[in-house]
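In my numbering, the protein residues as written are 2 to 215.
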């Protein structure tokens with residue numbers, strides 16, 4: 002089976018053709034001769050393992066959050082920044098837009114794909130800006146990283162999530178450029194979408210944890 006490069010897939014989309022995601026059992030997707038083929042399912046397996054590790058990391062902090070609140074008499078309830086409600090809506094909306102982008106990709110509509118993929122990326126940046134505003138609101142309220150254990154957990158949990166989400170934004174930008182070498186464009190959009198949905202779901206969990214457990 003001939004290899005399909007990312008550039009070729011984009012050309013097919015731009016030409017109005019039906020660009021169907023290639024089989025994950027195919028080659029490395031870069032179209033470069035002399036390079037050993039790598040099954041695309043390796044990338045799906047890799048992101049699954051990565052998400053499992055990230056989930057374990059946050060579950061450990063969530064457990065520590067609950068235990069620390071229960072055993073400490075010095076726990077102070079922190080004011081939940083209102084911007085976090087908007088941030089949550091923004092991130093949920095980004096899950097919808099990335100689904101739309103994937104939909105247009107499977108239809109072979111390159112313009113529609115790029116539009117919704119770009120919208121998703123912009124929403125991701127808006128979420129990070131919102132987090133900066135939330136941290137500023139915490140500071141204005143008198144809660145710093147070392148003020149109280151409750152505030153410390155807030156900063157650590159939200160900052161850790163923001164860093165992982167930033168990784169997702171980098172992937173969105175990378176895929177949006179279409180300059181891929183070792184994996185097909187279809188696999189890149191799939192892996193990035195799965196990770197993005199995961200980060201959205203993780204944020205909803207953290208938001209509810211901080212809201213109800215503060």
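Positions of the beta carbon are idealized from the N, C-alpha and C atoms, including for glycine.
The beta-carbon distance between residue 95 and residue 121, rounded to whole angstroms, is 5 Å. This is short enough to meet the 8 Å contact definition.
About 11 Å separates the beta carbons of residue 176 and residue 185, which is beyond the 8 Å limit, so they are not a contact pair. Residue 169 and residue 45 have their C-alpha atoms roughly 15 Å apart. For the pair residue 63 and residue 210, the CB atoms are nearer than the 9 Å cut-off. Contact annotation, residue 92 with residue 201: C-beta distance approximately 5 Å; criterion of less than 8 Å satisfied.
The C-alpha of residue 179 is placed about 43 Å away from the C-alpha of residue 151. Counting along the chain, residue 90 sits inside the alpha helix (DSSP H) bounded by residues 84-107.
In this structure, the straight-line span from the alpha carbon of residue 61 to that of residue 203 is close to 13 Å. Burial of residue 139 is indicated by the presence of at least 16 other C-beta atoms within 10 angstroms of its C-beta. Leaving aside the five residues that flank residue 84 on each side, the residues in its chain whose CB is nearer than 6 Å to its CB run, in chain order, 131, 134 and 135. Here the C-alpha atom of residue 103 lies approximately 43 Å from the C-alpha atom of residue 143.
Within the segment 50-80, no complete alpha helix (DSSP H) segment of 4 residues or longer occurs. Where residue 187 is concerned, the enclosing alpha helix (DSSP H) starts and stops at 186-214.
About 17 Å separates the Cβ atoms of residue 118 and residue 167, ruling out a contact at the 8 Å cut-off. Shown here, residue 144 sits in coil according to DSSP, grouped into three states, outside any helix or strand.
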